[in-house]
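Trainee: Provided herewith is a single structure, encoded as structure tokens, for subsequent inquiry.
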Amino acid sequence: MNIVVATKNKNKVFEIARIFEPLGFTVMSQEDAGIDVDVEETGNTFAKNALIKARAVAMLCDDCVLADDSGLCVEALDGRPGVYSARYAGPGASDMEKIEKLLIEMQDKTNRKAKFVTNIAFIFPDGREIVTQGEVCGRILREPAGENGFGYDPIFYSDELEKTFAQAEPDEKNAISHRGRALSALYDEIKNMLDEE
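So that you can map any letter, position 74 of the sequence shown is 74 in the UniProt record's numbering, and since no number is skipped, the others follow by simple counting.
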């Protein structure tokens, strides 16, 4: 059985393949499946955006489809940037521009609590849908630290790792990441469904 991942990000496809190929799935990007569609994320939650992407790709193929949406939610900013994390500083903004905008908004805040959230939507060819979530908690630093990772990683201090995601080695980060946790929950649900069939 195939899983088409609604992304053009090869690293994301590789991460998902490592998890699901032992269950007998062949994992491929939407590009590898011959699907060329850009989906506008119009949902107001990560789960809705993941479902919007998954459903759009599922309409164009007869395979299982997986899509995700992720972002950073800062408590003192009422959950912002949230679903707007990727475009928080405007279209085409660099990671550093997004970080700078967030740090300016956090300048006078004492509550620095934040969490990364991922929702994953999985659609079977028969239309059954599963949505899972993963979270990792931490806090926002006052200045960037570390060279690894991307996005908000240099200012997100993980309580579990006791360092920023950008200071962590990729394997350290992936072991506790929000995406990893959502994928693990999805793996368990799919495995249980397959065991029951």
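Glycine included, each C-beta is placed from N, C-alpha and C at the ideal position.
It should be emphasised that the depicted structure is a prediction, and the values quoted were computed from it without experimental measurement.
To the nearest angstrom, report how far apart Val117 and Glu197 are at their CA atoms.
Mentor: In the sequence shown, the residue the question calls residue 117 occupies position 117. In the sequence shown, the residue the question calls residue 197 occupies position 197. Taking the straight line from one Cα to the other gives about 31 Å.
Trainee: Alpha carbons only, please: which of Ser29, Leu23, Asn2 is nearest the one belonging to Asn9?
Mentor: Residue mapping note: residue 9 aligns to position 9 of the sequence shown, counting from 1. Of the listed residues, the one whose Cα sits closest to Asn9 is Ser29.
Trainee: So, helix, strand or coil for Ile120, using DSSP?
Mentor: Reading the sequence shown from its first residue, position 120 is the one you call residue 120. Strand at Ile120.
Trainee: For the alpha helix (DSSP H) holding Leu186, just list the boundary residues, first then last.
Mentor: Indexing the sequence shown from 1 puts residue 186 at position 186. 178–196 is the span of the alpha helix (DSSP H), which, as asked, contains Leu186.
Trainee: Can you tell me where the alpha helix (DSSP H) with Leu161 in it begins and where it stops?
Mentor: As a first step, residue 161 must be located in the sequence shown, where it is residue number 161. Looking at the DSSP string, Leu161 is not in any alpha helix (DSSP H), and its letter there is neither H nor E.
Trainee: Whose C-beta lies closer than 7 Å to the C-beta of Gly82 among residues of the same chain, with five residues either side of it excluded?
Mentor: Start at 1 with the first residue of the sequence shown, and residue 82 comes out as number 82. Taken in chain order, the residues that qualify are Gly71, Cys73.
Trainee: Measure the C-alpha to C-alpha separation of Lys91 and Ser85 and round it to an integer number of angstroms.
Mentor: Taking the first residue of the sequence shown as 1, we reach residue 91 at position 91. Taking the first residue of the sequence shown as 1, we reach residue 85 at position 85. Per the sequence shown, the amino acid found at residue 91 is Pro instead of Lys. Taking the straight line from one Cα to the other gives about 11 Å.
Trainee: Based on the DSSP secondary-structure assignment, which residues constitute the bridge partners of Asp115?
Mentor: Taking the first residue of the sequence shown as position 1, residue 115 is located at position 115. According to the sequence displayed, residue 115 carries Lys and not Asp. The partner list for Lys115 (beta bridge, DSSP) reads Cys73, Cys137.
Trainee: Would Leu23 be called buried (16 or more neighbouring beta carbons within 10 Å of its own) or exposed?
Mentor: Within the sequence shown, residue 23 is the residue found at index 23, counting from 1. Counting Cβ neighbours within 10 Å, Leu23 comes out exposed, since fewer than 16 surround it.
Trainee: Go through its chain and collect everything with a Cβ distance to Pro125's Cβ below 7 Å, but skip five positions before and after it.
Mentor: Along the sequence shown, one-based indexing puts residue 125 at 125. Cβ neighbours of Pro125 beyond the five flanking positions: Asp62, Asp63, Cys64.
Trainee: Using a Cβ distance threshold of 8 Å, determine whether the region 43–59 contacts the region 10–18, with at least three qualifying pairs required.
Mentor: Segments in contact, no.
Trainee: Between the Cα of Ala185 and those of Asp32, Glu135, Arg112, spot the shortest distance and give me the residue it belongs to.
Mentor: Reading the sequence shown from its first residue, position 185 is the one you call residue 185. Minimum Cα distance to Ala185 is reached at Glu135.
Trainee: Taking buried to mean at least 16 other C-beta atoms within 10 Å of its own C-beta, is Val37 buried or exposed?
Mentor: As a working note, residue 37 is residue 37 in the sequence shown. That one is exposed.
Trainee: Can you tell me where the beta strand (DSSP E) holding Val4 begins and where it ends?
Mentor: The sequence position of residue 4 within the sequence shown is 4, counting from 1. Unbroken beta strand (DSSP E) run through Val4: 2–5.
Trainee: Short check: CB of Tyr157 to CB of Gly138, under 7 Å?
Mentor: In the sequence shown, counting from the first residue as 1, residue 157 sits at position 157. In the sequence shown, counting from the first residue as 1, residue 138 sits at position 138. Cβ atoms of Tyr157 and Gly138: closer than 7 Å.
Trainee: Using a Cβ-Cβ cutoff of less than 6 Å, which residues in the same chain neighbour Leu194 once the five nearest sequence positions on both sides are dropped?
Mentor: Position 194 of the sequence shown, counting from 1, holds the residue named residue 194. Taken in chain order, the list of residues that qualify is empty.
Trainee: So, for Ala56: in the same chain, excluding its five sequence neighbours on each side, which residues have a beta-carbon less than 8 Å away from its beta-carbon?
Mentor: Mapped onto the sequence shown, residue 56 falls at position 56. Around Ala56: Ala6, Val37, Val39.
Trainee: So is Pro170 buried or exposed if we call it buried at 16+ other beta carbons inside 10 Å?
Mentor: Your numbering for residue 170 matches position 170 in the sequence shown. Exposed, since its Cβ has fewer than 16 Cβ neighbours within 10 Å.
Trainee: So, under 8 Å CB-CB, Asp68 and Ile120 are touching, yes? Tell me the CB distance rounded to an integer number of Å.
Mentor: Numbered from its first residue, the sequence shown carries residue 68 at position 68. Numbered from its first residue, the sequence shown carries residue 120 at position 120. That pair is a contact at about 5 Å.
Trainee: Look at Ile140 and Met96 and say whether their C-beta atoms are less than 7 Å apart.
Mentor: Looking up residue 140 in the sequence shown gives position 140. Looking up residue 96 in the sequence shown gives position 96. Contact: no.
Trainee: With 16 other CB atoms within 10 Å as the buried threshold, where does Lys173 fall?
Mentor: Translated into the one-based positions of the sequence shown, residue 173 becomes position 173. So Lys173 ends up on the buried side.
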